[in-house]
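A.B. asks: Okay, handing you the structure first.
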Amino acid sequence: MKKALLIVLIAAMVLTGVFAQGTKESATMAGEKQIVILGKSMGNGFFDAVFKGSEEAAAELGGIKTTYMAPPQATAEGQIEIIESLIAQKVSGIAISANDADALIPVAKKAMAAGIKVISYDSGINPGGRTIDLLPSNPELIGRQQIQLAAELTNYTGDVAVLSASAQATNQNLWIEWMKEEIKKPEYSKMKLVEVVYGDDAPDKSYREANALMQKYSNLKAIICPTTVGLLATAQAVKDAGKTGVVEVTGLGLPSEMKGYILDGTCRQMALWNPIDLGYSSTYILNGMIEGTVTGATGEAISAGRMGDIKVEDNGIAFMSTPYVFNKDNIEKFAAIY
Amino acid sequence: MPDLTFSSFVKKALARREATLILLLVVLLVPISIRSPQFLSAKNISTILNDMAILAIVAIGEFYVILSNGIDLSVGSIIAFTGMATGMINQADHGFPPILLLCVGMGIGLLMGLFNGVLVAYGKIPPIITTLGTVNIYRGMTFLLSGGTWVTADEMGTAYVGFPRHTFLGISNLLWIAFLVIAVFYYFSRFSRTGREVYAIGGNPTAAKFVGVNESRIRVVVFLISGMLCGLAGALWTARYASAVNEMATGFEMQAVAACVLGGVNFSGGSGGIIGVVLGTLFLGVVTNALPVVYLSVFWQTFVQGLIILIALTLNTVSDQRKMKKLLAQRRG
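Chains G and H, in that order, give the protein sequences. Reading the first sequence from the start, the letters are residues 2 to 339 in our numbering. Reading the second sequence from the start, the letters are residues 381 to 713 in our numbering.
Written as structure tokens, this is what we have:
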């Protein structure tokens, strides 16, 4: 029994060794900067899209060879192994979406000591383990944009309500605070944020709350759902109530999940961070660091091609931009990605 | 000679637990409809009934388990697994007939119920322990089946998503199915031999065994019923909410148990009825659907919900105790 277990263990170790590193790369030319985009796991459409953005930036900048790598499973161990091998290869820069914010710090420090530039994106490494942590957006940009999206759909008039995740959800609460701030502006004077309700990220409760909102407010023109479960349930509730076009639905949602509702007009536009832009910006930042024009100091503005300037805040945190807006014209393309 | 006057009929009707609940429901509806007049519109009543149909189906399954002096905590997880399974089948083949999906759901539910039942009946593990284990096992299986991903509206066939919404004689398929389940199990619990045996086992297992009731068989049967109905509910859930999410129906067992207890089902088994369970479900439905529309802060809503349920239960128990005292007095007299 013990022997069998041992054999299985050894076999497993050998196999993970064999499959540990999936890579996509092109032939290297002498003098090229080698940038590696490290994803959380292989076979994840999100990181394929990140890499697509990196390739776009590399083509614009020139002289860069960008490679995508990821462990077979989303583990910190798998990523550590890959980073160790990258240190041996002496690549120029690594952008990491971390499976663990702390576990990667030692190996990332080792990489930086070896002269490799390290940043994190999407899922950050804690300070000390990277120079810059690129976040897709910040609460202010997200919150303000949600109101703008609703206003565009309702012609800047009528009641709007927010259907959030749970009442304790930190992210959502911060975004909602900024929504309340944004709607105070004069251009929204004919709009009113009537209520914030909580669907607890459960489809049935969200559906019920959405119905209650429609019943309660006769002048309800839009429901904003800054959570993908709530957005799905609300879209279905509005559709079932026959109020498509009467009550607009918008929020933050995954394109692949929301595609049907965007195409049928229930949710005409929504937003989310765009992985292509993340890969694109990460590559610009790494390139600047390798060339020595970017240091990651607080207050620094890094120019990132079509994304404009990205400002570095305290602790090396940088916010990319407002979330990307999806509508019927671009949803098919992004639904295939994530 | 039985008393056949009208007043005695009313008295008898009021003495029933179901009557207390109907009365409470009316009492509850008055302030709600004052606060929110549109609550009693035909459209909203149909929304509430549709919202409660799935809970009614699950609560009836839970009723049988409680009736046999057990409890089934795994209902939410069975719903999740079967809902995910039927969602994924539909995702792979949009042409798969919805009716067959319901059958697949019930089939899987039966197997999961069988596992619960066999552990309880032959493994002699108390129902609460057994289902405390399987609630996690079945939830884990849901994640394993789906690989952590969801099935969303866009990936499902219109026939399946539309199925619970289609109406026949102005009533949705979802409600028709709930009515059918209620009718079948009303008959089962009142007039079938096995149905009566569940009451016997729950009321007094020793006496029941002496008159020849096979206890193990009944214990398996109640979990089979619960599993099958959860399977049916799971298949309907995915279609109704147009998405199969791994976390779906988490905590649903609490609602099912609450519906039973509100409906006057004795928690230690042996007494209660289908009509009571349906009323209990309806009561819960009115409370959960009314609270979001009565302009009450969300932070008060859960508090008030618990309070209303507690009051309803207390009134129920008090009326029960008075009945018992009367009965005792009659015996002595």
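Yeah, the Cβ is synthetic: ideal placement off N, Cα and C, and Gly gets one too.
I need the DSSP call for E33 of chain G, collapsed to helix, strand or coil.
C.D. replies: Three-state result, E33 of chain G: coil.
A.B. asks: How many angstroms separate the CA atom of N430 of chain H from the CA atom of S552 of chain H?
C.D. replies: Looking at the two C-alpha atoms, the distance is approximately 8 angstroms.
A.B. asks: Please list the partners that K260 of chain G has in chain H, where partner means a Cβ-to-Cβ separation under 7 angstroms.
C.D. replies: Residues of chain H passing the Cβ test: D534.
A.B. asks: Can you find at least 3 beta carbon pairs, one from the stretch 217 to 224 of chain G and one from the stretch 170 to 183 of chain G, that sit closer than 8 angstroms?
C.D. replies: No contact exists between the stretch 217 to 224 of chain G and the stretch 170 to 183 of chain G.
A.B. asks: Residues in the stretch 662 to 696 of chain H with C-beta within 8 angstroms of chain G's C-beta atoms, listed in sequence order?
C.D. replies: The stretch 662 to 696 of chain H vs chain G, Cβ under 8 angstroms: T668, N669, P672, V673, Y675, V678, F679.
A.B. asks: What number of angstroms, rounded off, separates the C-alpha of G450 of chain H from the C-alpha of P507 of chain H?
C.D. replies: Computed Cα separation, rounded: 5 angstroms.
A.B. asks: Counting contacts by CB-CB distance shorter than 7 angstroms, is P324 of chain G in contact with chain H?
C.D. replies: By this cut-off, P324 of chain G is not an interface position.
A.B. asks: So the candidates are H:T462, H:G650, H:G582, H:A636; which of them puts its Cα closest to the Cα of M521 of chain H?
C.D. replies: It is H:T462.
A.B. asks: Would you list, in sequence order, the uninterrupted alpha helix (DSSP H) runs of no fewer than 4 residues that lie entirely inside the stretch 551 to 598 of chain H?
C.D. replies: Listed in chain order, the complete alpha helix (DSSP H) runs (minimum 4 residues) inside the stretch 551 to 598 of chain H are 553 to 571, 573 to 583, 585 to 590.
A.B. asks: Quick one: does V438 of chain H have its CB under 7 angstroms from some CB of chain G?
C.D. replies: It does not; no Cβ of chain G falls within 7 angstroms.
A.B. asks: Under a CB-based cut-off of 7 angstroms, is P340 of chain G close to chain H?
C.D. replies: Residue 340 of chain G is absent from the structure shown; chain G starts at 2 and stops at 339.
A.B. asks: Under a three-way DSSP split, which group does F320 of chain G fall into?
C.D. replies: Three-state result, F320 of chain G: strand.
A.B. asks: Bridge partners for S165 of chain G per DSSP, in chain order?
C.D. replies: Partner(s): G:Y199.
A.B. asks: Quick one, which of H:A433, H:I459, H:V645 has its alpha-carbon nearest M608 of chain H's?
C.D. replies: With distances taken between Cα atoms, M608 of chain H lies closest to H:I459.
A.B. asks: For the stretch 116 to 127 of chain G against the stretch 184 to 195 of chain G, are there 3 or more C-beta pairs whose distance is under 8 angstroms?
C.D. replies: Contact between the stretch 116 to 127 of chain G and the stretch 184 to 195 of chain G is absent, because fewer than three Cβ pairs lie under 8 angstroms.
A.B. asks: To the nearest whole angstrom, what separates the beta carbons of N275 of chain G and A238 of chain G, a pair I think is in contact under 8 angstroms?
C.D. replies: 27 angstroms between Cβ atoms; not a contact.
A.B. asks: By the criterion of Cβ-Cβ separation under 7 angstroms, what are the contact partners of T427 of chain H in chain G?
C.D. replies: Under the 7 angstroms cutoff, chain G gives N212.
A.B. asks: Got a sec? Which residues, its chain only, sit under 6 angstroms from K260 of chain G by beta carbon, not counting five neighbours each side?
C.D. replies: Excluding residues within five positions, the ones whose Cβ falls inside 6 angstroms are I332, A336.
A.B. asks: Going along chain H in order, which residues have a C-beta closer than 7 angstroms to the C-beta of Y199 of chain G?
C.D. replies: Those are V678, listed as they occur along chain H.
A.B. asks: Tell me where the beta strand (DSSP E) around E249 of chain G begins and ends.
C.D. replies: Segment 249 to 252, the beta strand (DSSP E) holding E249 of chain G.
A.B. asks: Looking at A636 of chain H and V455 of chain H, is the spacing between their C-beta atoms short of 7 angstroms?
C.D. replies: A contact, by the Cβ cut-off of 7 angstroms.
A.B. asks: So with Cβ pairs under 7 angstroms, would you call S552 of chain H a contact of chain G?
C.D. replies: It does not; no Cβ of chain G falls within 7 angstroms.
A.B. asks: Taking C-alpha atoms, which residue in H:Y675, H:S426, H:L549 lies nearest to Y218 of chain G?
C.D. replies: Checked all of H:Y675, H:S426, H:L549; the closest Cα to Y218 of chain G is H:Y675.
A.B. asks: With a threshold of 7 angstroms on Cβ separation, who are the neighbours of I412 of chain H within its own chain once the five nearest residues in sequence on each side are excluded?
C.D. replies: Cβ within range, chain order: F419, A670, V674.
A.B. asks: Please check if any C-beta of chain G sits within less than 7 angstroms of the C-beta of A588 of chain H.
C.D. replies: Taking Cβ atoms only, chain G never reaches closer than 7 angstroms to A588 of chain H, which makes this a no.
A.B. asks: Just the C-alpha distance for E633 of chain H and I605 of chain H, rounded to the nearest angstrom, thanks.
C.D. replies: Straight-line Cα distance between these residues: approximately 15 angstroms.
A.B. asks: Could you tell me the alpha carbon to alpha carbon distance between A104 of chain G and G129 of chain G, rounded to whole angstroms?
C.D. replies: C-alpha separation (whole angstroms): 12 angstroms.
A.B. asks: Under 8 angstroms between beta-carbons, which chain G residues line up against M628 of chain H? List them in chain order, please.
C.D. replies: By Cβ distance, chain G contributes A203, P204, D205.
A.B. asks: Alpha carbon to alpha carbon, what distance is there between L664 of chain H and I517 of chain H?
C.D. replies: I517 of chain H and L664 of chain H: Cα-Cα distance of roughly 28 angstroms.
A.B. asks: Are F603 of chain H and G493 of chain H touching if we call contact CB-CB under 7 angstroms?
C.D. replies: The answer is yes: Cβ separation under 7 angstroms.
A.B. asks: Am I right that I689 of chain H and L642 of chain H are in contact with their C-beta atoms under 8 angstroms? What's the rounded C-beta distance?
C.D. replies: 7 angstroms between Cβ atoms; contact.
A.B. asks: Please compile the residues from chain H whose C-beta is within a distance smaller than 7 angstroms of the C-beta of V239 of chain G.
C.D. replies: Ordered by position in chain H, no residue passes the 7 angstroms Cβ test against V239 of chain G, which lies about 12 angstroms from the chain.
A.B. asks: Short of 6 angstroms in beta carbon distance, which residues of its chain neighbour I81 of chain G, apart from the five on each side in sequence? Order them along the chain.
C.D. replies: Closer than 6 angstroms at Cβ, skipping near neighbours: V108.
A.B. asks: Within the same chain, show all residues whose beta-carbon is closer than 8 angstroms to that of G583 of chain H, passing over the 5 residues directly before and after it, in chain order.
C.D. replies: Once the five neighbours on either side are set aside, the close Cβ partners of G583 of chain H are G649, G650, S651.
A.B. asks: Does any residue of chain H have a CB that is nearer than 7 angstroms to the CB of K41 of chain G?
C.D. replies: No - not a single Cβ of chain H is within 7 angstroms of the one on K41 of chain G.
A.B. asks: Quick check on Y208 of chain G - is its C-beta less than 7 angstroms from some C-beta in chain H?
C.D. replies: Yes, Y208 of chain G counts as interfacial toward chain H.
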